[in-house]
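In what follows, a structure is listed as structure tokens, so that the remarks can point back to it.
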Amino acid sequence: MSKFVPNKVYLRGILLHYFIQKKSAAEAHRILVQTYGDNALSDTTCKDWFRRFKNNDFQLEDKERSGAPKKFEDKELEQLLDEDPSQTLPELGKILQVDESTVSKRLKGLGMIQKQGHWVPYELKPRDVERRFGTCELLLQRQKRKDFLHRIVTGDEKWIHYDNPKPREISFAEKLEPSACVTCMCVTWRALQEKTWTVANAMYIYGINNSGAQNETTMPEEYRHLPLVGKCCSIDEVLIKDAHGNTICASSNDSSTYFSPLFSDFNRTGALVPGDEYKSFTALVGNPCNRRYMLQPEESDDEYYLLVNGSIFAPRLDHVPIMLMPGKNYCMETVPELGLRAFVCFQDVPPPTTDARVIIYACGLLISVPFLILTIVAYTITPRLRDVHGKALCHYCGCLALAFTTLAITQLASGQLSPQACVSIAFVIQFSFVACFFWLNVMCIETWALVHHHVNQCSYRRIQPKTLFFYYSIWAWGFPAGLILISMLMDLSPTIPMTYVKPAFGSESCWFKSDAEALPYFYVPVGILLLGNMILFIITAIKISRYQQVLALRRLARNHHSDREDQRLFRRLKRVFIVCLILFFLMGLNWMMELISWGVGGDPFDWTAFDLVNALQGVLVFGLFVLRRPIRDFVWHRIQKIRGINTTELNVGSMDLALLPVINGDIPERSYNS
């Protein structure tokens, strides 16, 4: 048995029945779905028909449509124009029985244009031919310099970043900001058929006299609706180069070099529409720049659009969207053999003034570097100091010396560095400082391991020093290397969207652009390491305190010789812990202050003292790890031996070096008397 499938008219009749019964459209739709399932009318259709019924329209059949517009062949239109080329759009539409817009579109497709009341074929003017020919030549030259495939960005994801700045309505007075080097004129240009330009009206809007006073005149209302553009030279002048290679304005009678800019505008969707020529526009005459450079629109980064309000919108100038104002940031002028070009002013950078505190800080950094190098030399030439802890200290001093050297260079000579050198130094500073904190963390871990091993009186042997240092090296070098690779990828890769946080090295200084950019790439890793070191020191301090009490009670109970030796050894171990704790505070205190300053949103305290202590860290490290006895005596003994002077070798048992058996994994035997 076949299933009944209702048609549309049948279902509309049911809707009319429920409408007469005073049911709602929703109720009628629900009943239809329960009865006919998928064949029921949609909820929107039911509401539309109920709306018709309320307007007393009870016709259930579909109304006849007017149908598609009548089609006609191009030959019919061409025949009509051949008979009478002066026919208007309404006349042609009436004859062909179509709308005027349809005829207009078809005429445009045929390349016809109305001149002096007659429809004639559109012919390119000589300047249009020259412009198109020049554009083709530029495209061919661009293809030779940088082929098309070079500009395609490949990746696993397709993305488009579009910055849509909303044009701000500004008054004419805002557009024409006075400049000391500009004589601003409001000039209305009109194009004539003989391809020449004449001045219809001119008046000074802003002028600066010898005394520096500004003259201001109100702009006529009839000119305020006209597009605005900045022009570098006077009315009948173009830009050329003189015999010395300097760019100057010179008069020109060549009709192919006249001033004719294309004005763009934003449409309703916010997208830029192609530029158009205007028969009348307003020009702001004068050169606003002390130094300037020419934009090359054939290059992608120099793409720009002249807007009708006089501004130039450059989507990717200096890799960011920029708005340039006439009479302030740019001017346009015709250049022979190049056509109309835009010239952008270099920003007037004030001469850098170096703060005295910056100079003192940089000098402190440079003073620390020799002491850090001497520390490395002292531990390198002394075999007894080349244990795991000593090697970690050498790596720490090496990273710190590199960081201090590059940081001092940026403090003293940042203005003389090229952008590429500035970015490279920023990566070196980031890597060296992060590696410093990782090697400080290695020293903290090693100190905790020594205390834990001695206090718990572990009977097992520790890992061999070479193997242990290899694991430490992977930890201390691997993570900084990974972090620097991520930073380079985020900062230099063009496939990373702009919405991601990038380091932005070199944008404002040879460091991160701001603390917000430094947070994920520097402050967070350093903060985690400082927190980890602090936890290790707290745990170690608790172990030392408890074990010291146990030793005191044991000595009171039996006063054995092994207990006294154990206490002396433990006292020296505690000194190592205190020295590492001092180093932790020296290295971490200044960066803790940086984090606190960033967290409170400013610089509420004067960190000069902390910066100076941080800068002289190399001197303090040399004093703690080299000049402190008995290490100083042991290093001096090694120096004398290298010089060939025989001296008596020092007694290791009387030095802090008695810890060496513990460090190397050798546990002294203990015998206790009951």
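In numbering that gives the first Met the number 0, the protein residues as written are 0 to 673.
Cβ coordinates follow ideal geometry from the N, Cα and C atoms, glycine included.
Since we're looking at a predicted model, the values are computed, not measured.
Residue i versus residue j: straight-line alpha-carbon distance, rounded
i    : j    : result
V422 : P226 : 42 Å
E445 : K573 : 13 Å
L439 : R570 : 22 Å
V433 : Q419 : 22 Å
I424 : L139 : 39 Å
M489 : C330 : 36 Å
G477 : M322 : 44 Å
G505 : L416 : 10 Å
S178 : N286 : Bear in mind that a pLDDT of 36 at S178, under 50, signals an unreliable position, so the number given afterwards is only what the model happens to contain. Roughly 9 Å between the two C-alpha positions.
I675 : K53  : The chain is shown only over 0 to 673; residue 675 falls outside these bounds and no answer can be derived.
V4   : E82  : 58 Å
N38  : H28  : 11 Å
W474 : G481 : 11 Å
E236 : Y222 : 23 Å
H451 : Y546 : 10 Å
L148 : D300 : With a pLDDT of 48 at L148, under the threshold of 50, the predicted position of this residue should be treated as unreliable, and no value is reported.
E220 : K114 : 31 Å
F426 : I247 : 43 Å
Q548 : F437 : 33 Å
Residue span of the beta strand (DSSP E) that contains residue i, given as start and end
i    : result
F342 : 338-344
S103 : Segment 99-108 is the alpha helix (DSSP H) holding S103; no beta strand (DSSP E) there.
C248 : 246-250
A24  : Looking at the DSSP string, A24 is not in any beta strand (DSSP E); the run it does join, the alpha helix (DSSP H), is 24-35.
P479 : First-last for P479: 464-491, but that is the alpha helix (DSSP H), not the beta strand (DSSP E).
H117 : 117-120
I366 : Note, I366: premise wrong, no beta strand (DSSP E); alpha helix (DSSP H) at 355-380.
I321 : 321-323
G229 : 227-230
V237 : 236-240
Close Cβ partners of residue i (< 7 Å) along its chain, the five nearest in sequence each way excluded
i    : result
R291 : F342, V343, C344, F345
F57  : L15
T277 : It should be noted that the sequence gives Tyr, not Thr, for residue 277. Within the same chain, Y277 has close Cβ partners P226, F262.
T498 : none
L79  : Q86, L91, I94
S673 : Summary for S673: the model assigns pLDDT 32, below 50, so the residue's position carries little reliability; its value from the coordinates is reported in the next sentence. So the list is empty, once near-sequence residues are dropped.
Minimum C-alpha distance to residue i - residue among the options
i    : options                : result
Y9   : K22, T43, D61, K21     : D61
C231 : C288, L261, E276, E221 : C288
R383 : D632, A27, Q410, K46   : D632
I630 : V578, P519, L467       : V578
P314 : Y222, L392, E302       : E302
P325 : R637, G110, A355, T281 : T281
K465 : V575, L59, R385, F576  : R385
P120 : R131, G108, S23        : G108
A249 : E332, P320, P296, F436 : E332
N252 : T246, H243, I234, D241 : I234
L615 : I359, A355, Y522, S544 : I359
S259 : D275, L294, M111       : D275
Cβ-based neighbour list, residue i, same chain, cut-off 8 Å, excluding 5 preceding and 5 following
i    : result
G133 : G338
V102 : L76, L88, L91, G92, L95
L59  : V8, R11, G12, L15
F468 : V387, K390, A391
L373 : F621, V625
V618 : I366, S367, F370
L611 : I359, Y360, G363
Unbroken alpha helix (DSSP H) run spanning residue i, endpoints
i    : result
V422 : 418-454
S279 : Here S279 belongs to no alpha helix (DSSP H); instead the beta strand (DSSP E) covers 279-284.
E332 : Not the alpha helix (DSSP H): E332 falls in the beta strand (DSSP E), residues 329-334.
R685 : What is shown of the chain runs 0 to 673, which leaves residue 685 out entirely.
F312 : Careful: F312 lies outside any alpha helix (DSSP H), inside the beta strand (DSSP E) at 311-313.
R11  : 7-19
L623 : 616-624
Y395 : 387-412
Q113 : Run containing Q113: none in the alpha helix (DSSP H); it sits in the beta strand (DSSP E), 111-114.
Contacting residues, own chain, Cβ-Cβ under 6 Å from residue i (five flanking each side not counted)
i    : result
A503 : K512, E516
L15  : none
Y471 : V441
R637 : I380, T381
A407 : A361, L364, L365
I462 : none
Three or more beta-carbon pairs under 8 Å between the stretch 613-632 and the stretch 371-383, yes or no?
Between the stretch 613-632 and the stretch 371-383 there are three or more inter-stretch CB-CB distances shorter than 8 Å, so the stretches are counted as touching.
Touch check for the stretch 359-376 and the stretch 400-419: three-plus C-beta pairs under 8 Å?
Under the Cβ criterion (8 Å, minimum of three pairs), the stretch 359-376 counts as touching the stretch 400-419.
Three or more C-beta pairs closer than 8 Å, one from the stretch 69-84 and one from the stretch 95-115: is that the case here?
Under the three-pair Cβ rule at 8 Å, the stretch 69-84 counts as touching the stretch 95-115.
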